[in-house]
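Single-structure report; data block below.
Numbering (my numbering), first residue to last: 11 to 398.
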């Protein structure tokens, strides 16, 4: 520890502590990823160390000196620092007041706002079920809804397209959508520290079938299935996905058992619905981009090192494969149909934009434009007959 390089490192350690976070944040911005390449992270940390050494020698040491000359030097440093801070604050305030970012990118604002905005039907349906326990209505007017959309936020993102489709066909629909809660009965979610009582939510949906025996001839199940099967987020998203929690035992589902648990619970649900004479339509996984598409779209035009490119379809298929295997087996049962969004959205790649419109509002939810574009094609071959 007495070696000169280690002594120098120790003297600069506090400055390095101050510099390393800005460096890491910058490299994450440049790559628009919570987990940038290891080499880029290493370069950022080396740059932070260099800045730490320089600031230790040019700022910290002069401030510690004594004497009249040192006092003058400190005053100069303080004056320079104050001038820089005031200049930056003033420039930032002026930029905000003038909407400086959007002034430099007037053609990008509309695309980003349209993709990021949640349509009224999305917000209304989430609030209706979560806060009031009432299935929201969409599609054509009608006393008895013949289609029920049941699922999480991925299901909700389909609503703008399903609404148009059912209106065109003269079919009334209802939705029970809850963010973070897949239609997998018997399980809660521990999402970001919040306990989502999905078991109670799903049990309430099941009661609707008994309360409205002549409704819901077709039940559409939609969720981000893959995250519950593999407990893994997409490439570019940090960390692991929160596991399902068994509502009866309070224990999280082990990773090794997750595929079997999801298939068993979903299979029981499908059997219960089809046993009541209803048809089940399962919507497969939405092709995921792995990065926030509006943010990537902007960052790629303002210095980010990640190009605005679409992922190859084989990569998307590979990620979805464990969940797809389960859904395909369930689709072999009588009265069950599987809809494959990847086949509709993707070609050789899974695009993130089309005709000047962004197709995602983040990394895995379809934008309203994309829902209206793709959902009618997903359900093109399906009829929605009324229950007798």
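Backbone N, C-alpha and C fix where the C-beta goes; we use that ideal spot for every residue, glycine too.
Residue interval of the beta strand (DSSP E) (run including residue 147): 146-149
CB contact flag (residue 26, residue 50, <8 Å): no
Host alpha helix (DSSP H) of residue 311 (start-end): Note, residue 311: premise wrong, no alpha helix (DSSP H); not H, not E.
Cβ pair residue 187, residue 149 closer than 8 Å: no
8 Å Cβ cutoff met for residue 229 and residue 392: no
Touch test, the segment 123-134 against the segment 205-216, Cβ-Cβ under 8 Å, three pairs minimum: no
Cβ pair residue 303, residue 365 closer than 8 Å: no
Own chain, CB closer than 7 Å to residue 203, minus 5 neighbours either side, in chain order: Bear in mind that a pLDDT of 48 at residue 203, under 50, signals an unreliable position, so the model cannot answer this.
Within 8 Å, strictly: CB atoms of residue 361 and residue 326: no
Rounded distance between the beta-carbons of residue 164 and residue 234, thought under 8 Å: 5 Å
Exposure label - residue 342; buried when at least 16 CB within 10 Å: exposed
Residue 279 and residue 193 closer than 8 Å at C-beta: yes
Residue burial classification, residue 41 (beta-carbon count within 10 angstroms, cutoff 16): buried
Rounded straight-line distance, which links the Cα of residue 62 to that of residue 312: 27 Å
According to DSSP, residues forming a beta bridge with residue 160: 186, 231
Cα-Cα separation between residue 344 and residue 121, rounded to whole angstroms: 43 Å
Exposure label - residue 286; buried when at least 16 CB within 10 Å: exposed
According to DSSP, residues forming a beta bridge with residue 256: 197
Cβ separation of residue 340 and residue 277, assumed to be a contact under 8 Å, to the nearest whole Å: 6 Å
Inter-residue spacing [alpha-carbon to alpha-carbon] between residue 179 and residue 30: 58 Å
Under 8 Å between C-beta atoms of residue 269 and residue 195: no
Those residues which DSSP pairs with residue 363 across a bridge: 368
Inter-stretch contact at 8 Å, needing at least 3 Cβ pairs: the segment 251-260 / the segment 348-360: no
Distance CB(residue 252)-CB(residue 289) smaller than 8 Å: no
Distance between beta carbons of residue 125 and residue 348, contact taken as under 8 Å: That belief does not hold up - the Cβ atoms of residue 348 and residue 125 are roughly 27 Å apart, past 8 Å.
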